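> Whatever position you read off the sequence shown (first residue = 1), add 510 for my numbering.
Glycine included, each C-beta is placed from N, C-alpha and C at the ideal position.
Source: prediction; values computed, not measured.
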Amino acid sequence: MSLDDLIALSNKSMNPSKLHPVVLESTYALMETCYKEGIYIRITQGFRSMEEQATLYGKGRSNYIYNGKQYGNPKEKIVTNAQAGSSAHNFGYAVDFVLCSEDGKQVFWDVNSKWKRVIEIAKTLGFFSGIDFKTLYDPPHLEMLGGYTVSQIRNGAKPNLVSKVKNPIKVTPTTPPASIQSSSTTIKLGDKGSQVEKLQKDLNTLDYDTKGIDGVFGNGTNEAVRKFQQDNNLSVDGIVGSTTLEFIEKNLKLKEIVNMTNELKVSDATKNAIINLAKYGIMSQDYEITKDYELTLISMMNGLVKAIESGKLKTK
Ligand SMILES: [Zn+2]
511 MSLDDLIALS NKSMNPSKLH PVVLESTYAL METCYKEGIY IRITQGFRSM
561 EEQATLYGKG RSNYIYNGKQ YGNPKEKIVT NAQAGSSAHN FGYAVDFVLC
611 SEDGKQVFWD VNSKWKRVIE IAKTLGFFSG IDFKTLYDPP HLEMLGGYTV
661 SQIRNGAKPN LVSKVKNPIK VTPTTPPASI QSSSTTIKLG DKGSQVEKLQ
711 KDLNTLDYDT KGIDGVFGNG TNEAVRKFQQ DNNLSVDGIV GSTTLEFIEK
761 NLKLKEIVNM TNELKVSDAT KNAIINLAKY GIMSQDYEIT KDYELTLISM
811 MNGLVKAIES GKLKTK
C-alpha cells in the first residue's frame, strides 16, 4: 500500500478538516517519515466530538451524565480519564495512531521498539506522547497544545502552533478546528441560536432558572445571567462575555466534581478535601474522579503538584 493510501485510510477515522492545520500537517509528516523507515502506521482517531468523548468516558463507569444524558457503561473497561471537553481530541489538537501491516489491513497494538520509534519521531515534530501521561498510560495518543492545557483551550485559549515540517505533504484542504472558528463574541439580550441554547442549558444545570430552554435570550435568561454574575462577584450587566463563560465552565466542572465525589466510597473528610481542592481551582486540570480510589488519589496529587508548579499554591 502506498503512503497516499495509508493517509486516505487514516483520513476516514480522523476527521481531518476539524484538526488544527499544524496538527494535521505534522501527522502526515509523521506518517511519511515512518513510512520511509519501513514503519507503517494508521491514525485511528483525530477530532472527536463531545458526545463521542462522553461515550468513551462513560466506559467502565456506572454513572456519567453529560449534557443531561447518561453515558455510564459499567460493563466496559475504563479507557480514558478525559471527560467530554477535557481531551485534546475534542478541540482538534490530538491524534491516536497504531502500527499496521504494509497493506494497512492488520493493526498491531504491541508497544514495541517500532512503536517507540514512532513516538520518537512524533516528538521531533512537536507532539507530546500519551506514553508520558501520569494518570493514564496512553501509548497511541499524540497531542500538540502549544504550551496550553486543555482546560485553557476549552476556556478560549488559542495555541499558536508552529509547524516543524519542512516539506509538508499536500493532501486535503483544511479548515481551522471548531475551537478556532468560534470567536469570543458576547451573548446578550435578543440573541438567538445554539449558543444561547447551550447557555440556557448550562445555567439550568447550575440551578439558575432561565424560564425555558428555547435558544432565545429573553428576560428569563437575562435574569438568570444577572443572578449568576452577582453570585460570582462579576460585574452584573446581563452580557455573557468570556469571563462569565469561564465562570460558568468552572461552576459546571465543580458541580460535576461534587456529584462524582459523593459517589466515591470514601470518608466524608476525604470528600470534603477533594471538593475544597476543586473549589480553589487546583484540580481543574487533569482532575478526574473515578471509581478507582487510587486513580483519584493520583489525580489529586498531580493536581497539587501542578498548582505548586504554577505558583497557585505557595510552599515553604
Ligand atoms: Zn488520544
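1) Let me know the secondary structure DSSP gives residue 778 once reduced to three states.
2) Report back the beta-carbon spacing between residue 787 and residue 813 to the nearest angstrom; my notes put them in contact at under 8 Å.
3) Run through DSSP, which three-state label would residue 651 get?
4) Use the C-beta contact count for residue 612: other C-beta atoms within 10 angstroms, 16 or more gives buried, fewer gives exposed.
5) Count the C-beta pairs between the segment 514-527 and the segment 543-554 that are closer than 8 Å, then say yes if the count reaches three, no if not.
6) Could you give the first and the last residue of the continuous beta strand (DSSP E) run that contains residue 604?
7) Measure the beta-carbon distance from residue 606 to residue 650 and round it to whole angstroms, keeping in mind my assumption that it falls under 8 Å.
8) State the Cα-Cα distance for the pair residue 691 and residue 591, rounded to the nearest angstrom.
9) Tell me whether the segment 656-669 and the segment 563-573 touch, counting them as touching only if at least three CB pairs, one residue from each stretch, are closer than 8 Å.
10) Would you check whether ligand 1 has a heavy atom nearer than 7 Å to the C-beta of residue 606?
11) I need the boundaries of the alpha helix (DSSP H) containing residue 731, first residue and last residue.
12) Leaving out five residues on either side along the sequence, give the residues of the same chain with a beta carbon under 7 Å from the beta carbon of residue 811.
13) Is residue 818 buried or exposed, if buried means 16 or more other CB atoms sit within 10 Å of its CB?
14) Provide the residue span of the alpha helix (DSSP H) that contains residue 571, from first to last.
15) According to DSSP, is residue 639 part of a helix, a strand, or is it coil?
16) Take residue 633 and list the residues in its own chain whose beta-carbon comes closer than 7 Å to its own, dropping the five residues that flank it on each side.
17) When the Cα atoms are used, what is the spatial distance from residue 753 to residue 759?
18) Please classify residue 696: is it buried, with 16 or more other beta-carbons within 10 angstroms of its beta-carbon, or exposed?
19) Would you mind sorting residue 825 into buried or exposed? The rule is 16 or more other CB atoms within 10 Å of its CB.
20) Check whether the segment 554-563 and the segment 526-544 touch, using three or more Cβ-Cβ pairs below 8 Å as the test.
21) Compute the Euclidean distance between the alpha carbons of residue 648 and residue 721, then round it to the nearest angstrom.
22) Rounded to a whole number of angstroms, what is the C-alpha to C-alpha distance between residue 816 and residue 608?
So, from the listed chains and residues:
1) helix
2) 7 Å
3) strand
4) exposed
5) yes
6) 604-610
7) 4 Å
8) Reliability of the predicted coordinates at residue 691 is poor, the pLDDT of 38 falling under 50, and no value is obtained from them.
9) no
10) yes
11) 729-741
12) none
13) exposed
14) From DSSP, residue 571 is part of no alpha helix (DSSP H); its letter is neither H nor E.
15) strand
16) 639
17) 10 Å
18) exposed
19) exposed
20) yes
21) 43 Å
22) 30 Å
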